[in-house]
Structures are given as C-alpha cells and as structure tokens.
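J.: Take the sequence shown: its letter number 33 is residue 68 in the numbering used here, and every next letter is one higher.
We put the CB at the ideal spot given by N, CA and C, even for glycine.
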Amino acid sequence: MNDSELKKRTKQLALRVMKLVGALPKDAVGRPIGSQLIRSATSVGANDRAACRGRSRAEFVSKLSIVIEEADECCYWLERIMEGDLLLKEKVEALLDEANQITAIMVASRKTAKGE
Numbered sequence: 036m037n038d039s040e041l042k043k044r045t046k047q048l049a050l051r052v053m054k055l056v057g058a059l060p061k062d063a064v065g066r067p068i069g070s071q072l073i074r075s076a077t078s079v080g081a082n083d084r085a086a087c088r089g090r091s092r093a094e095f096v097s098k099l100s101i102v103i104e105e106a107d108e109c110c111y112w113l114e115r116i117m118e119g120d121l122l123l124k125e126k127v128e129a130l131l132d133e134a135n136q137i138t139a140i141m142v143a144s145r146k147t148a149k150g151e
C-alpha cells in the first residue's frame with residue numbers, strides 16, 4: 036500500500052466515523068462517546084499527514100506512535116458503542132475492522148522505520 040492510499044483510508048475513516056456519530060443517541064452517554072470517537076478518528080489522519088512531513092526518522096516514528104495511539108483509541112470507542120448497545124453491531128463492525136487494520140498497518144510501518 037502506498038502513502039496516498041493510506042492517506043485516503045485515514046480520511047475515509049474520519050468521514051465514516053463522523054456519519055456514525057451522527058446516529059448515536061443525543062444523551063449523556065452518546066454525546067461524550069461521540070466526541071471522543073470523532074477526536075481520535077480525525078487525529079489518525081491528521082497525525083499521519085504530519086508523520087509524512089517529518090524532518091527526521093525519529094520525528095516520523097514519534098508521529099506514527101501518535102497515529103497508533105489514536106487509531107487504537109478509535110477502536111476502543113467503537114467497541115464501547117457495540118458493547119453498550121448504542122448502535123446495532125452491524126453498523127459498527129466494518130468500521131471497527133478498518134480501524135484495526137489501520138492500527139496494524141501503522142504498527143508495521145513504525146517497526147520498519149525503527150529497523151526492527
């Protein structure tokens with residue numbers, strides 16, 4: 036997978052999360068979870084872009100670490116939505132799978148960049 040394909044996937048993740056959050060209940064549970072999920076999902080793409088513009092290998096690895104944390108957090112919130120029955124599991128599963136795939140890709144990229 037090349038850099039532009041990955042950027043497209045991270046952007047699509049954010050857009051899909053934004054639509055999903057719009058379907059969450061507008062209550063004391065749905066609003067804060069939705070806010071956290073949007074924050075983490077949009078941060079994935081933003082920090083991936085920043086990593087690609089890193090001035091050194093160390094900066095690149097550091098930014099990738101942030102991407103991994105945010106992608107994993109996105110997975111966490113999607114899991115809470117499913118386990119809390121806030122939305123039908125079928126509406127969330129594919130998005131969770133994509134977030135997990137992006138996390139795995141970023142972990143592999145960081146290992147490669149670190150020479151592991």
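Looking at the structure shown, is Ala129 part of a helix, part of a strand, or coil, going by DSSP?
T.: Within the sequence shown, numbered from 1, the residue matching residue 129 stands at position 94. If DSSP states are grouped into helix, strand and coil, Ala129 belongs with the helices.
J.: Please say whether Ala134 and Ala106 have beta carbons closer to each other than 8 angstroms?
T.: Working through the sequence shown from its first residue, we reach residue 106 at position 71. Working through the sequence shown from its first residue, we reach residue 134 at position 99. Contact: yes.
J.: According to the Cβ coordinates, are Val198 and Leu121 closer than 8 angstroms?
T.: This structure leaves residue 198 out entirely; the chain is present only between 36 and 151.
J.: To the nearest angstrom, how far is it from the Cα of Trp153 to the Cα of Ser70?
T.: This structure cannot speak to residue 153, because the chain is shown only from 36 to 151.
J.: To the nearest angstrom, report how far apart Ala76 and Ser91 are at their CA atoms.
T.: Locating residue 76 in the sequence shown gives position 41, where the first residue counts as 1. Locating residue 91 in the sequence shown gives position 56, where the first residue counts as 1. Cα to Cα, the separation comes out at about 25 angstroms.
J.: Please report the distance separating the alpha-carbon of Ile68 from that of Leu123.
T.: Residue mapping note: residue 68 aligns to position 33 of the sequence shown, counting from 1. Residue mapping note: residue 123 aligns to position 88 of the sequence shown, counting from 1. Cα to Cα, the separation comes out at about 15 angstroms.
J.: Tell me which residues share the same chain as Gly89 and place their Cβ nearer than 7 angstroms to its Cβ, disregarding the 5 neighbours each side in the sequence.
T.: Indexing the sequence shown from 1 puts residue 89 at position 54. Answer for Gly89: Phe95 and Lys98, listed in chain order.
J.: Scan the region 52–107 and note each continuous alpha helix (DSSP H) run of 4 residues or more that stays entirely inside, going in chain order.
T.: The qualifying runs are 65–87.
J.: If the criterion is Cβ atoms closer than 8 angstroms, does the pair Val56 and Asn82 meet it?
T.: The residue labelled residue 56 in the question sits at position 21 within the sequence shown. The residue labelled residue 82 in the question sits at position 47 within the sequence shown. For Val56 and Asn82, no; Cβs fall outside 8 angstroms.
J.: Quick one: grab the DSSP three-state call for Asp38.
T.: The count along the sequence shown starts at 1 and reaches residue 38 at position 3. In this structure, Asp38 counts as helix in the three-state DSSP scheme.
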